[in-house]
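Below: one structure, written as structure tokens.
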Amino acid sequence: SQKIEQNSEALNIQEGKTATLTCNYTNYSPAYLQWYRQDPGRGPVFLLLIRENEKEKRKERLKVTFDTTLKQSLFHITASQPADSATYLCALPPGPSGYSTLTFGKGTMLLVSP
Amino acid sequence: DGGITQSPKYLFRKEGQNVTLSCEQNLNHDAMYWYRQDPGQGLRLIYYSQIVNDFQKGDIAEGYSVSREKKESFPLTVTSAQKNPTAFYLCASSIFRAENPYGYTFGSGTRLTVV
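Those protein sequences? They're chains A and B, same order as listed.
Quick note on numbering: the working numbering labels position 54 of the first sequence as 54, and the sequence is numbered without any gaps.
Numbers in the working numbering are just positions in the second sequence, counted from 1, shifted up by 1000.
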């Protein structure tokens, strides 16, 4: 099964800087990858989906890249704000051609200070 | 507004009791899922359903049961066979189309504590 690695240490940055979070996977390359935001005590919120044939996807201040050679996705938040402080999860299908469920990483906490 | 509702928000269970967590969605989504989240761990899939009257086991189905009698509803029963049920339970739903992925919409969760 797929193993997903996200940095367990919190990322602390200053307001206005770009935050970059990493998601690495170890086995097969998935057909797509998703990113979610989770606030304490709440359910995750879907942010972005990127397919294997897409190198980059943008949505407002968010940008996701997908490098199947490195088996890695990077999640960027530009001009970060304290309101961006949360835990960010990446999620992949459990198999190389699966579309039925998602396997989630443990997430990385982002702390943006004013 | 369309959404997914989980109830109750907090639930306390005595040893040996079965409890049922509710999950209702009005998004007209085909698929529904139950995940469990423990501190420091990722979400782990318990059960999922892609169509009414059908469901599949996830990675940690032992000690849990589900039903999908209506498209809108996917209740989860935590049975006395589940040895460590204290956790945060998350229900999600999504559109399901073969060969085409969609993001999940999650509920706000139920925190279950064994007392």
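Where a beta carbon is used, it is the ideal one built from N, C-alpha and C, also for glycine.
Computed from a prediction, not measured in an experiment: that's the story for all the values here.
Would a check of beta-carbon distances place residue i closer than 8 angstroms to chain B?
i	result
K71 (chain A)	no
L62 (chain A)	no
F66 (chain A)	no
T101 (chain A)	yes
Measuring alpha carbon to alpha carbon, tell me which of the options ends up nearest residue i.
i	options	result
G1103 (chain B)	B:R1111, B:E1015, B:G1109, B:S1094	B:S1094
E9 (chain A)	A:V112, A:R61, A:G107	A:G107
C1023 (chain B)	B:R1068, B:P1085, B:V1114	B:R1068
T22 (chain A)	A:Q2, A:L74, A:A31	A:L74
Q6 (chain A)	B:V1115, B:G1042, B:Y1089, B:F1055	B:G1042
Q38 (chain A)	A:A86, A:V112, A:P93, A:T103	A:A86
N1026 (chain B)	B:V1115, B:N1100, B:A1092, B:R1097	B:A1092
K1083 (chain B)	B:V1114, B:H1029, B:T1005	B:V1114
T1005 (chain B)	A:F46, A:G95, A:R42, A:Y88	A:R42
Assuming residue i and residue j form a contact by the criterion Cβ under 8 angstroms, report the distance between their Cβ atoms to the nearest whole angstrom.
i	j	result
Y1035 (chain B)	L1045 (chain B)	6 angstroms
I13 (chain A)	C90 (chain A)	About 19 angstroms separates the two Cβ atoms, so there is no contact after all.
Q1056 (chain B)	Y1048 (chain B)	6 angstroms
Q1037 (chain B)	L1090 (chain B)	6 angstroms
So with CB distances below 7 angstroms, who are the chain B contacts of residue i?
i	result
Q34 (chain A)	G1103
T49 (chain A)	Just to set this straight, residue 49 (chain A) is Leu in the shown sequence, not Thr. In chain order: P1101, G1103.
Less than 8 angstroms between CB atoms is the rule here; does residue i satisfy it with respect to chain A?
i	result
S1108 (chain B)	yes
G1063 (chain B)	no
Q1050 (chain B)	yes
Residue i touches chain A at which residues, Cβ-Cβ below 9 angstroms?
i	result
G1040 (chain B)	S8, K106
At a CB-CB cut-off below 8 angstroms, which residues of chain B make contact with residue i?
i	result
L111 (chain A)	Correct list: empty, because the minimum Cβ distance to chain B is about 17 angstroms.
F75 (chain A)	Near F75 (chain A) there are no residues of chain B at all, since even the closest Cβ is about 14 angstroms away, more than 8 angstroms.
Given that residue i touches chain B, what residues does it touch there, using C-beta distances under 9 angstroms?
i	result
R42 (chain A)	F1106, S1108, G1109
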